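12 is the number of the first residue of the sequence shown in the working numbering; add one for each residue after it. Beta carbons are placed, not taken as given, at the ideal position from N, Cα and C, and that holds for glycine. These numbers come from a predicted model, not from an experiment.
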Amino acid sequence: MDFSFEEVLSTIADENKPLLQEAGARPFVKWAGGKRSILSELLARIPKTYRTYCEPFIGGGALFFAAKPEKAYLSDVNFHLVLAFVAVRDDLDGLIANLKIHVTKHDKDYFMRARTQLSREKDPTKVAALFIYLNKTCYNGLYRVNRAGEFNVPIGSYTTPTILDDTNLRSASRSLQGVEIKQHVFSQVPVENGNFYYLDPPYHKTFDGYDSSRFGDKDHERLAAFCRALEDRRCFFMLSNSDTPFVRSLYKGFKIEKVSGARFVSCKADGRGKENELVIRNYE
């Protein structure tokens, strides 16, 4: 990491406004590894200017919603999550109408039927509503599927779960207008010099059941190689991961900082709490 980004920055329009604005929309789903506990740390480290904000592991989208970039590209490998983001952007009224039905019918039996229906439903907006409903009512807000791709998280012990947050969904929809949203693996995100990439993969040696595949050491190695390719293309990247010797070795030569964050979603209730994690960048 021995080159300057001055040449890249000089080509980016001066009218790019600073991104440290008051947060409006919040994540509309719970997500393992959510970033709200270190959000201020991440916001303070975003480059002041860049072309496009790109986030290949969108998850709940906490940093995206807080940063309010003028141009963004969001993606994730999780089909249901991407459908939910697209529905919030493109069919908010239909999504809310379906969520209202889930609110009135929610109980344990209905939850189990909805869990089965998630993999059978064909209408995209109905799938998105089922996904959000299950996310809000399942144990610890987890997303876990079996090898067949079937959602298998049990119901949570909430007395009155907030299944529909109309105000936040409308705010999120406004934030997502004009944003490109795709389903694919991280390596398929478009790469262009001057773009900013925030990478928040399933953390090393932690729960990684975000979809029917598993994100292992080889995937982390491929991600590190992708980050080095971003460096070669004069892109900015910031990456979050757990503080392990393996992760530190993968990103040797980049700026590595340790921050303390709380994990709010875990596969075990006693696994939630503060722990050290890393923020890794290729810029100052």
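Suppose contacts are defined by Cβ-Cβ distances below 9 angstroms. Is Leu94 in contact with Leu74 by that definition? Using a Cβ distance threshold of 9 angstroms, Leu94 and Leu74 do not count as a contacting pair.
Excluding sequence positions up to five away, which residues of its chain have a Cβ less than 7 angstroms from the Cβ of Tyr209? Apart from the 5 residues on each side of it in sequence, Tyr209 sits with its Cβ closer than 7 angstroms to the Cβ of Glu66, Leu74 and Met249 in its chain, given in chain order.
For Arg292, does the count of other Cβ atoms within 10 angstroms reach 16, so buried, or fall short, so exposed? Counting of Cβ neighbours within 10 angstroms places Arg292 among the buried residues, the total reaching 16 or more.
Between which two residues does the alpha helix (DSSP H) carrying Ser86 extend? First-last for Ser86: Ala83 to Asp87, but that is the beta strand (DSSP E), not the alpha helix (DSSP H).
Terminal residues of the alpha helix (DSSP H) in which Ser260 lies: That run of the alpha helix (DSSP H) goes Pro256 to Leu261.
At what residues does the beta strand (DSSP E) containing Asn252 begin and finish? Its beta strand (DSSP E) spans residues Phe247 to Ser253.
Checking the sheet assignment: what are the DSSP bridge partners for Gln194? According to DSSP, residue pairing for Gln194 in a beta bridge involves Asp87.
Can you give the beta carbon distance from Gly122 to Asp211, rounded, assuming they're within the 8 angstroms contact cut? Note that residue 122 is Phe in the sequence shown, not Gly. The pair is not a contact, with the Cβ atoms about 28 angstroms apart (cut-off 8 angstroms).
Which class does Tyr121 belong to by DSSP, given the choice of helix, strand or coil? Here Tyr121 sits in helix by DSSP.
For Pro38 and Gly70, I'd like the C-alpha separation in whole angstroms. Their Cα atoms are separated by approximately 9 angstroms.
Phe76, enclosing alpha helix (DSSP H) - first and last residue: It spans Ala73 to Ala78 - the alpha helix (DSSP H) in which Phe76 sits, taken as one unbroken run.
Cα-Cα separation, Cys246 to Val202: Approximately 8 angstroms between the Cα atoms of the pair.
Please confirm whether Trp42 and Gly167 have their CB atoms less than 9 angstroms apart. No, the pair does not count as a contact, with Cβ atoms beyond the cut-off.
Between the C-alpha atoms of Asp176 and Glu81, what's the straight-line distance to the nearest angstrom? Asp176 and Glu81 have their C-alpha atoms roughly 25 angstroms apart.
Using 8 angstroms as the cut-off, can you tell me whether the segment 183-195 makes contact with the segment 84-100, which would need three or more C-beta pairs spanning the two stretches below that distance? Contact holds: three or more Cβ-Cβ distances are below 8 angstroms.
CA-to-CA distance, Gly264 to Ala108, given in whole angstroms: Approximately 51 angstroms, taken between the alpha carbons.
Following the continuous beta strand (DSSP E) through Cys149, name the residue where it begins and the one where it ends. Where Cys149 is concerned, there is no enclosing beta strand (DSSP E), because DSSP gives it neither an H nor an E.
Which of helix, strand or coil DSSP assigns to Ile143: In the structure shown, Ile143 falls within a helical segment according to DSSP collapsed to helix, strand and coil.
Candidates Leu261, Val40, Ser253 and Gly44: closest to Ile143 by CA position: From the listed residues Leu261, Val40, Ser253 and Gly44, the smallest Cα separation to Ile143 is found for Val40.
Straight-line CA distance for Val164 to Ser182? The straight-line gap from Cα to Cα measures roughly 28 angstroms.
Would you decide whether Ser51 is buried or exposed? Buried here means 16 or more other CB atoms lie within 10 Å of its CB. Burial check for Ser51: the Cβ neighbour count within 10 Å stays below 16, so the residue is exposed.
So, are the CB atoms of Phe162 and Arg126 less than 9 angstroms apart? Yes. Within cutoff.
Report the residue from Ser251, Gly44, Val200 and Ile49 whose alpha carbon sits nearest the alpha carbon of Leu241. If you compare the alpha carbons of Ser251, Gly44, Val200 and Ile49 with that of Leu241, the shortest gap goes to Val200.
With which residues is Asn287 paired in a DSSP beta bridge? DSSP lists Ser271 as partners of Asn287.
Do you know how far the Cα of Gly205 is from the Cα of Arg158? For Arg158 and Gly205, the distance between alpha carbons rounds to 39 angstroms.
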